[in-house]
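Numbering (my numbering), first residue to last: 63 to 389.
Okay, structure first, notes after.
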Ligand code: HEM
């Protein structure tokens, strides 16, 4: 059967609308820099290894950086851009004030610019560094699809809107992950990142004092942990820099202790302990607490999915020369 020119053009247009575009995430691929900058991932790993060897807590900092980058405007390194008098950037939003590890990304980028100028994006360095941090802390390693490009916009108010708060309950946190295309299961899985790292008192102190008319502390907080936290973070504490380990048992080891802690009401944030308040989430917590292998492989898959959120690829965005400013 012969088609007219017009019919052929319509078929072509339909093809491009439905098939040729693909999703942006399809454009990321493992080994993206193999031919253009073969040392890219090794250099990042080297810098992360040096940093974590001198301060193991930095692994947590780098893992959190990637999460905070991806949840605001996608994984485009918008978290790294500095503010100007006319624009308050993400980095200066309150939940981002406690981020750490920026200098490791800057330095890896500087080294990469010496060997392959203008090739490796800051967004990909953040994704590689998060992966390396998990592995260096004793967790799973996984291949990171790359090819992200860097964004040109960063807004503090968008950070406030998109980053889940530590006082959020299971419905709220689930919804905030759903807004990013992540399931409730993936939310429970990614929360396992709280098996490493530190928190400032302000992120959980509302659970310790004047909690409700009936109880001064949050009844879902283990009373022994509550007393320890009250000691470390007294109500009169004026030092905003005091920190406590999120997982007090193995704070620098990427393991399933976080989930075991939740089973005994030892979750630090409301957003952690709330995972025990619904049957769907609590059954996953119980499963992970007992089965490290299942958790690790699902964590790797969820990190890859998180790393795909709204990525810029192809000719969108740019490859920044310096991670803290646009070109
Ligand atoms: C489920 C919603 C989440 C909430 C409400 C949340 C909230 C927080 C808060 C309040 C802190 C402590 C900040 C401080 O006071 O210093 C923190 C630390 C941390 N978060 Fe989350 N987070 C969430 C999910 C995630 C995810 C998905 C990841 C990574 C995949 C992650 C990784 C981390 C890490 C590693 C730390 C420790 C950072 C350090 O030691 O510097 N968090 N989080």
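Backbone N, C-alpha and C define an ideal beta-carbon position, used for all residues, glycine too.
Keep in mind that this is a model prediction, so the values were computed, not measured.
Beta carbon of residue 161: closer than 8 Å to some heavy atom of the ligand HEM?
-> yes
Determine, using beta carbons only, whether residue 343 and residue 229 come nearer to each other than 9 Å.
-> Taking 9 Å as the Cβ cut-off, residue 343 and residue 229 do not qualify as a contacting pair.
Cut-off 6 Å between Cβ atoms - residues of its own chain near residue 120, not counting five sequence neighbours on either side = 113, 114, 163
Can residue 369 be considered in contact with the ligand HEM, in the sense that its beta carbon sits closer than 8 Å to one or more heavy atoms?
-> No, the ligand HEM has no heavy atom inside 8 Å of this Cβ.
When the distance is taken between beta carbons, is residue 214 closer than 9 Å to residue 97?
-> In this structure, residue 214 does not lie closer than 9 Å to residue 97 by Cβ.
Residue 365: CB within 8 Å of a non-hydrogen atom of the ligand HEM = Indeed, a heavy atom of the ligand HEM lies less than 8 Å from the Cβ.
Between the CA atoms of residue 211 and residue 390 - distance to the nearest angstrom | This structure cannot speak to residue 390, because the chain is shown only from 63 to 389.
Would you identify the three-state DSSP class for residue 146, choosing helix, strand or coil?
-> strand
Pairing CB atoms from the segment 166 to 177 with CB atoms from the segment 146 to 156, are three or more of them under 8 Å?
-> no
Minimum C-alpha distance to residue 158 - residue among 172, 261, 173 | Sorting 172, 261, 173 by C-alpha distance to the C-alpha of residue 158 places 261 at the top.
Check whether the Cβ atoms of residue 390 and residue 195 sit closer than 9 Å, and answer yes or no.
-> Outside the shown range of the chain (63 to 389) lies residue 390, about which nothing can therefore be said.
How is the beta strand (DSSP E) around residue 98 delimited, first residue to last?
-> No beta strand (DSSP E) contains residue 98, which DSSP labels as neither H nor E.
Assumed close pair residue 335, residue 283 - CB separation to whole angstroms, cut-off 8 Å | 7 Å
Please confirm whether residue 325 and residue 338 have their CB atoms less than 9 Å apart.
-> yes
The alpha helix (DSSP H) spanning residue 344 covers which residue range?
-> 341 to 352
Would the beta-carbon of residue 310 be found less than 8 Å away from any heavy atom of the ligand HEM?
-> no
Does the ligand HEM have a heavy atom nearer than 8 Å to the CB of residue 255?
-> yes
Can you grab the Cα-Cα spacing for the pair residue 128 / residue 241, in whole Å?
-> 17 Å
For residue 271, count neighbouring C-beta atoms within 10 Å of its own C-beta (all shown protein chains included) and say buried if the count is 16 or more, exposed if not.
-> With fewer than 16 other CB atoms across the displayed protein chains lying within 10 angstroms of its CB, residue 271 is exposed.
Is it buried or exposed for residue 207, if we count other Cβ within 10 angstroms and need 16 for buried?
-> buried
For residue 89, which residues from the same chain have a beta carbon less than 7 Å from its beta carbon, with the 5 sequence-adjacent residues on both sides left out?
-> 209, 375, 376
Own chain partners of residue 161 with C-beta closer than 8 Å, once the 5 adjacent residues on each side are dropped | For residue 161, where only same-chain residues beyond five positions count, the Cβ hits under 8 Å are 123, 126, 127, 130, 141, 153.
Could you tell me if residue 100 is buried or exposed, where buried requires 16 or more neighbouring beta carbons within 10 angstroms of its beta carbon?
-> exposed
Residues near residue 360 in its chain [Cβ-Cβ closer than 7 Å; skip 5 each side] | 251
Can you tell me the Cα-Cα spacing of residue 259 and residue 201, whole angstroms?
-> The alpha-carbon atoms of residue 259 and residue 201 are separated by roughly 14 Å.
Given that a residue counts as buried once 16 or more other Cβ atoms are within 10 Å of its Cβ, and exposed if not, what is residue 104?
-> Around the C-beta of residue 104, fewer than 16 other C-beta atoms lie within 10 Å, and the residue is accordingly described as exposed.
Using the Cα positions of residue 297 and residue 267, report the straight-line distance between them to the nearest angstrom.
-> 8 Å
Tell me where the beta strand (DSSP E) around residue 262 begins and ends.
-> Residue range 260 to 262 is occupied by the beta strand (DSSP E) that includes residue 262.
In the structure shown, what three-state DSSP assignment does residue 305 receive?
-> strand
Is the Cβ-Cβ distance between residue 219 and residue 155 less than 9 Å?
-> yes
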